[in-house]
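What follows is a single structure, written as structure tokens, with notes after it.
In our numbering, the protein residues as written are 12 to 350.
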């Protein structure tokens with residue numbers, strides 16, 4: 012399993028024009044991608060995946076890790092925006108997987124009006140309608156409601172698939188893990204893994220902060236911020252988020268997310284400490300949405316975090332209300348602290 016050594020990961024500069032700073036990732040097995048215009052075939056060659064008509068299959072766990080970690084600092088998950096150079100800044104997972112034929116979880120919950128317990132822009136597309144993906148030689152079913160991951164060797168894919176769907180643990184071929192754990196590593200190396208032998212570090216708790224009090228930008232717009240750490244067993248994700256409410260399509264406002272003295276540590280890995288990020292200047296664009304979320308993925312890996320101490324806030328530059336010689340008025344949310 013690849014080792015991830017990470018450096019300065021983030022700012023969330025989100026836009027209503029959006030730009031992200033570069034994340035430094037050192038991985039001897041990964042390829043370098045230099046822009047956000049990669050088509051699905053280029054991304055496919057980087058990550059190594061295909062579908063069998065029933066589910067998405069990643070050739071190895073490294074391929075899956077590359078896919079979920081792919082260039083995250085250049086993308087604002089889920090949100091439509093433009094980067095400073097005019098190229099798409101949003102990572103469009105649907106487009107990346109457009110050539111793969113299988114029934115997606117995202118389509119299933121939409122068509123059947125089901126509750127979305129997973130609620131992740133990447134996993135909602137990767138998982139099939141049965142909440143299953145194949146990674147290497149194993150099938151993984153994510154039950155986020157129960158905080159469990161059920162696993163079946165691909166050797167028994169044809170004979171025991173229904174047992175995996177029903178989470179029939181009476182079938183000894185079905186293995187069960189917690190979403191807290193580094194599930195891929197545990198499955199591929201057995202319970203007596205390097206992690207189990209040499210690492211006794213705890214797992215960080217899944218948590219979502221409260222929203223900040225509403226910060227009024229102008230008579231038409233306001234915003235609030237929060238931070239989130241989500242655990243899915245084979246994906247662990249730390250997100251900063253600003254929610255904007257706006258009732259004027261011609262409001263000229265720019266939104267940022269900033270970090271101050273942030274710390275987090277991957278289990279048995281290298282910590283990122285005392286991280287701060289200055290404000291950057293995005294491309295000014297008008298906004299036309301009544302309600303929109305802007306988020307930045309600070310961390311997304313197959314490896315869980317041991318701990319985190321996150322301090323973020325939203326900032327708006329309101330060009331509709333210049334102040335003196337300054338072409339905009341600045342409004343902040345309160346700080347969000349997630350520990």
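Glycine is no exception: its CB is placed at the ideal position from the N, C-alpha and C atoms.
Cα atoms of residue 127 and residue 342: separation of roughly 33 Å, rounded to the nearest angstrom.
Looking at the backbone, the Cα of residue 261 and that of residue 68 are separated by about 45 Å. A distance of 9 Å or more separates the beta carbons of residue 65 and residue 182. By a beta-carbon distance limit of 8 Å, residue 249 contacts residue 321. Their separation comes to about 7 Å.
For the pair residue 347 and residue 237, the CB atoms are nearer than the 9 Å cut-off. Beta-bridge analysis with DSSP links residue 264 to 329. Three or more beta-carbon pairs drawn from the segment 307 to 314 and the segment 261 to 281 are found closer than 8 Å, and the two stretches are therefore classed as touching. C-alpha of residue 195 to C-alpha of residue 72: approximately 7 Å in a straight line. Residue 274 and residue 218 have their alpha carbons spaced roughly 16 Å apart.
Check the Cα spacing between residue 114 and each of 125, 143 and 267: the tightest is with 143. Residue 268 and residue 173 have their C-alpha atoms some 44 Å from each other. Burial check for residue 170: the Cβ neighbour count within 10 Å stays below 16, so the residue is exposed. When DSSP states are grouped into helix, strand and coil, residue 197 belongs to the helix group. At the C-beta level, residue 264 and residue 220 stay beyond 9 Å of one another.
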